[in-house]
Amino acid sequence: MEAIRLGDDGGRNIEIRVGLGQCLHKRRPQPTEPRPTLTTTVAAPPPPPSLAVLPTYLRAFANTTDQSAVERNDSPACTSRRGAMQRGGYVFYDLQSNDGGSSGRSSQVEMDIDYEDEAQENESLANESPDGSLKGNGQATNLRISNNDGVDLSLVKDHWTSMGKDNAQSTIIHNMFFHMFTEHPHIRPIWAFNRTLSIKDADWKTKLGNNHQFRHHCASVQAAITLVTHNIDNIRVLSKTLEDVGSHHFFYDAYEPHLEIVQEGIIAAMRQLPSGPHSLHPRLEEAWVEVFGVIKSFIATGIEIQRAKYLAQCVTPDEMVEIRAMWVRVNAHGLHDAGLNLCGGALQAYNALIKQYELTSSIQIDQQSEEFRSFSVDTIEALSTTIDSYQENGVQGFGNLPNRLKAYVQRYVITDVCPTLVRKAFMEGLINMLTYVLGEMDMTETVQQTWSKIYRVMEQAIIANIVKY
1 MEAIRLGDDG GRNIEIRVGL GQCLHKRRPQ PTEPRPTLTT TVAAPPPPPS
51 LAVLPTYLRA FANTTDQSAV ERNDSPACTS RRGAMQRGGY VFYDLQSNDG
101 GSSGRSSQVE MDIDYEDEAQ ENESLANESP DGSLKGNGQA TNLRISNNDG
151 VDLSLVKDHW TSMGKDNAQS TIIHNMFFHM FTEHPHIRPI WAFNRTLSIK
201 DADWKTKLGN NHQFRHHCAS VQAAITLVTH NIDNIRVLSK TLEDVGSHHF
251 FYDAYEPHLE IVQEGIIAAM RQLPSGPHSL HPRLEEAWVE VFGVIKSFIA
301 TGIEIQRAKY LAQCVTPDEM VEIRAMWVRV NAHGLHDAGL NLCGGALQAY
351 NALIKQYELT SSIQIDQQSE EFRSFSVDTI EALSTTIDSY QENGVQGFGN
401 LPNRLKAYVQ RYVITDVCPT LVRKAFMEGL INMLTYVLGE MDMTETVQQT
451 WSKIYRVMEQ AIIANIVKY
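Numbering of the sequence shown is given in the UniProt record's numbering, commencing with residue 1 and proceeding in unit increments.
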């Protein structure tokens, strides 16, 4: 079946999140035994494809006939997704084709848990479940990156400090963003300072480098990395700060996969350094990658926490009464026609935005095709499920929506478009459809804002499922 391109980010899956009470740890051994370690398994991505093989690469992780494997997240489609989705954007695929798949790879990051005193350890052990996991929101104490594999993390601190003395830090950050915007252009619309920039200009890097907003943002990133490197021996003190960074960036369309792109960008920028005291050798790069692994886990935790809060609290019961009353009228009109109207309008709006922002991720699909009709029906039904899932009691708000949209996400898998523009396009299609069905008088500015939250809820429930893969 032909791929239907729409969607959002997906990314490398951190299967066990430190700081959310889901990490596994061992009880303190006798003094004669070696120090216990906390092991977090991270799915490492396959190498990025060239543009020439991109369509085949994208098909690879959408091919499986073993639906039970999809449920277990261990099918070739699921494992290869983790690498492919890190690149940003998303494409919806029908998972019923069966021309093969590729397997993912995994690596491990080991961390030590130190307890400041016996009482602290006893409190932690009291929160331990029979399977060794932490109950509730248990926090790891004095979390330090382990160098059991011989990684010397002091290299990171010394490297960053020496670059600061030679005023090379800002160059690294600037080049990091230049790499991100060149290799992953679909993320450019996220930043306001990028929205009027034409990457076709030969001097676009110079213009961007002179932009006040861009320079201010780079300075903030530089300061954050400095803070982390100065606390490399006891990163626990920064766990809350980094989680807050993630929570804050949730409202700027930042998702877990973007963290992979940032890491890729800064490593690429460091590799560009000329031979000399700041050049990136293999042991130094390995140390930086390990540090970024912990940074990403904390920031991703913050994003995840804020997503859960948003699903629970973003819409009030009174707003849902109004939304449901309108949706009854949409049902009476006919969901099939409403879905075609919504998706057709969104597709036109998206392709216009792609042209405006000089991107290449346009969606070419025949709106008269059976594939488009099927996708339109499934999408309008997913929106209907979103509205139906709201609860005032029990699981608050839309907290159970990710589970209810799981089948939709499993059928339509994700990569390769501009999520920021997808949201704008979908909202335009949604408002136009509601105006077409309900009439202009009912679509006040306040009503439109409420409906925008309904779409954001559906979007975040989809992303929550993707991140789990």
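All C-beta atoms in this analysis are idealised placements derived from N, C-alpha and C, irrespective of residue type, glycine included.
Predicted, not measured: the structure shown is a model, and the values here were computed from it.
Query raised in the report: So, helix, strand or coil for G439, using DSSP?
Result: Position 439 of the sequence shown, counting from 1, holds the residue named residue 439. Reduced to three states, the DSSP call for G439 is coil.
Query - For Q396, the nearest candidate out of R188, C218, M320, T420 (CA to CA) - result: Numbered from 1 along the sequence shown, position 396 holds the residue referred to as residue 396. Among R188, C218, M320, T420, the Cα nearest to that of Q396 belongs to M320.
Query raised in the report: If you run the structure through DSSP and keep just helix, strand and coil, what is residue 472?
Result: The requested residue 472 does not occur in the structure, where the chain is confined to residues 1 to 469.
**Report entry** Contact check, Y455 vs M433, beta carbons under 8 angstroms
**Finding:** Along the sequence shown, one-based indexing puts residue 455 at 455. Along the sequence shown, one-based indexing puts residue 433 at 433. Taking 8 angstroms as the Cβ cut-off, Y455 and M433 do not qualify as a contacting pair.
Query raised in the report: Are at least three pairs of beta-carbons, each pair with one atom in the segment 290-310 and one in the segment 250-262, less than 8 angstroms apart?
Result: yes
Query raised in the report: For G339, which three-state DSSP category applies?
Result: Position 339 of the sequence shown, counting from 1, holds the residue named residue 339. In this structure, G339 counts as helix in the three-state DSSP scheme.
Report task. Measure how close the beta-carbons of H336 and V377 come, nearest whole angstrom, since I'm counting them as under 8 angstroms. Result -> Along the sequence shown, read from residue 1 onward, the residue named residue 336 stands at position 336. Along the sequence shown, read from residue 1 onward, the residue named residue 377 stands at position 377. About 6 angstroms; that satisfies the 8 angstroms criterion.
Requested in this report: Return no unless some Cβ of chain B is closer than 8 angstroms to the Cβ of L421.
Outcome: In the structure shown, chain B does not exist; there is a single protein chain.
Requested in this report: Select from N400, S239, L353, L401 the residue whose C-alpha is nearest the C-alpha of G429.
Outcome: Looking up residue 429 in the sequence shown gives position 429. The option with the nearest alpha carbon to G429 is L353.
Report task. Give the straight-line distance between the Cα atoms of Q449 and K296, rounded to the nearest whole angstrom. Result -> Indexing the sequence shown from 1 puts residue 449 at position 449. Indexing the sequence shown from 1 puts residue 296 at position 296. Distance between the alpha carbons of Q449 and K296: 32 angstroms.
Query raised in the report: Can you name the start and end residues of the alpha helix (DSSP H) that Q391 belongs to?
Result: Taking the first residue of the sequence shown as 1, we reach residue 391 at position 391. Neither: Q391 is in no alpha helix (DSSP H) and is coded neither H nor E.
Requested in this report: Please determine if the segment 198-218 and the segment 365-385 are in contact, where contact requires at least 3 C-beta pairs separated by less than 8 angstroms.
Outcome: No, the segment 198-218 is not in contact with the segment 365-385.
**Report entry** Residues near Q222 in its chain [Cβ-Cβ closer than 7 angstroms; skip 5 each side]
**Finding:** As a first step, residue 222 must be located in the sequence shown, where it is residue number 222. The answer, listed in chain order, is Q169, S170, I173.
Query raised in the report: Which residues in the same chain as A461 place their Cβ atom closer than 6 angstroms to its Cβ, once the five residues preceding and following it in sequence are excluded?
Result: By one-based count along the sequence shown, residue 461 stands at place 461. Closer than 6 angstroms at Cβ, skipping near neighbours: L401, P402, L405.
Query raised in the report: Alpha carbon to alpha carbon, how far is L347 from L153?
Result: Mapped onto the sequence shown, residue 347 falls at position 347. Mapped onto the sequence shown, residue 153 falls at position 153. Going from the Cα of L347 to the Cα of L153 covers about 48 angstroms.
Query - Own chain residues within Cβ distance below 8 angstroms of W160, not counting five before or after - result: Position 160 of the sequence shown, counted from the start, is the residue given in the question as residue 160. Excluding sequence neighbours, W160 sits near Q169, I225, T226, T229.
Requested in this report: Taking only the alpha-carbon atoms, compute the straight-line gap between L242 and V437 and give it to the nearest angstrom.
Outcome: The residue labelled residue 242 in the question sits at position 242 within the sequence shown. The residue labelled residue 437 in the question sits at position 437 within the sequence shown. When only Cα atoms are considered, L242 and V437 end up about 45 angstroms apart.
Query - Straight-line Cα distance separating T386 from V457 - result: The residue labelled residue 457 in the question sits at position 457 within the sequence shown. The residue labelled residue 386 in the question sits at position 386 within the sequence shown. Rounded to the nearest angstrom, the two C-alpha atoms are 8 angstroms apart.
Report task. Pull up the distance between the alpha-carbon of V467 and that of Q306, whole angstroms please. Result -> Your numbering for residue 467 matches position 467 in the sequence shown. Your numbering for residue 306 matches position 306 in the sequence shown. Answer to the nearest angstrom: the Cα atoms are 14 angstroms apart.
Query - Cβ-Cβ distance between E285 and I267 below 8 angstroms - result: In the sequence shown, residue 285 corresponds to position 285, counting from 1. In the sequence shown, residue 267 corresponds to position 267, counting from 1. Cβ distance < 8 angstroms, so E285 and I267 count as in contact.
Query raised in the report: What are the residues that DSSP puts in a beta bridge with L397?
Result: Mapped onto the sequence shown, residue 397 falls at position 397. Note on identity: in this sequence residue 397 is Gly, with Leu being the wrong assignment. G397 is bridged to Q391.
Requested in this report: Using three-state DSSP, classify Q364 as helix, strand or coil.
Outcome: Along the sequence shown, read from residue 1 onward, the residue named residue 364 stands at position 364. Q364: coil per DSSP, three-state reduction.
Query raised in the report: If we ignore side chains and look at the alpha-carbon of each, how far apart do D366 and F372 end up?
Result: Here the question's residue 366 lines up with position 366 in the sequence shown. Here the question's residue 372 lines up with position 372 in the sequence shown. About 7 angstroms.
Query raised in the report: Are the CB atoms of V156 and I235 nearer to each other than 8 angstroms?
Result: Numbered from its first residue, the sequence shown carries residue 156 at position 156. Numbered from its first residue, the sequence shown carries residue 235 at position 235. No. Outside cutoff.
Query raised in the report: Count the other CB atoms within 10 Å of the CB of P282; is the residue buried (16 or more) or exposed (fewer)?
Result: Here residue 282 refers to the residue found at position 282 when the sequence shown is read from its first residue. Exposed: under 16 other Cβ atoms inside 10 Å.
Requested in this report: Return helix, strand or coil for residue 482, following the three-state DSSP convention.
Outcome: Residue coverage of the chain in this structure runs from 1 to 469, which leaves residue 482 outside it and unanswerable.
**Report entry** Cβ-Cβ separation, Y350 to L421 (assumed contact under 8 angstroms), whole Å
**Finding:** The sequence position of residue 421 within the sequence shown is 421, counting from 1. The sequence position of residue 350 within the sequence shown is 350, counting from 1. Yes, L421 and Y350 are in contact; Cβ-Cβ is about 6 angstroms, under 8 angstroms.
Query raised in the report: For V417 versus H186, is the C-beta spacing smaller than 8 angstroms?
Result: What you label residue 417 is simply residue 417 of the sequence shown in a count that begins at 1. What you label residue 186 is simply residue 186 of the sequence shown in a count that begins at 1. Their beta carbons are under 8 angstroms apart, which means V417 touches H186 by this criterion.
**Report entry** Outcome for V291 when other beta-carbon atoms lying within 10 angstroms are tallied against a minimum of 16
**Finding:** By one-based count along the sequence shown, residue 291 stands at place 291. Only buried fits V291, as 16 or more other CB atoms lie within 10 angstroms of its CB.
Query raised in the report: Got a sec? Which residues, its chain only, sit under 6 angstroms from G345 by beta carbon, not counting five neighbours each side?
Result: Counted from its first residue, the sequence shown places residue 345 at position 345. These residues qualify, in order along the chain: G429, N432.
Requested in this report: To the nearest angstrom, report how far apart H25 and V294 are at their CA atoms.
Outcome: To locate residue 25, count along the sequence shown from 1; it is residue 25. To locate residue 294, count along the sequence shown from 1; it is residue 294. With a pLDDT of only 30 at H25, under the threshold of 50, the placement of this residue in the model should not be trusted; the figure read from the coordinates follows. C-alpha separation (whole angstroms): 16 angstroms.
Query raised in the report: According to DSSP, is F251 helix, strand or coil?
Result: Looking up residue 251 in the sequence shown gives position 251. Coil at F251, not helix or strand.
Query raised in the report: So, helix, strand or coil for N210, using DSSP?
Result: Here residue 210 refers to the residue found at position 210 when the sequence shown is read from its first residue. Coil, per DSSP.
Query raised in the report: Whose C-alpha, out of E459, Y408, V447, R411, is nearest the C-alpha of A425?
Result: Position 425 of the sequence shown holds residue 425. Checked all of E459, Y408, V447, R411; the closest Cα to A425 is E459.
Query raised in the report: Is L359 helix, strand or coil by DSSP?
Result: On the sequence shown, residue 359 is found 359 positions in, with the first residue counted as 1. DSSP places L359 in coil when its eight states are reduced to three.
Requested in this report: Would you mind working out which of S362, F181, L208 sits nearest F193, comparing C-alpha positions?
Outcome: Stepping through the sequence shown from its first residue, residue 193 is reached at position 193. Selected option, being the one with the closest Cα: L208.
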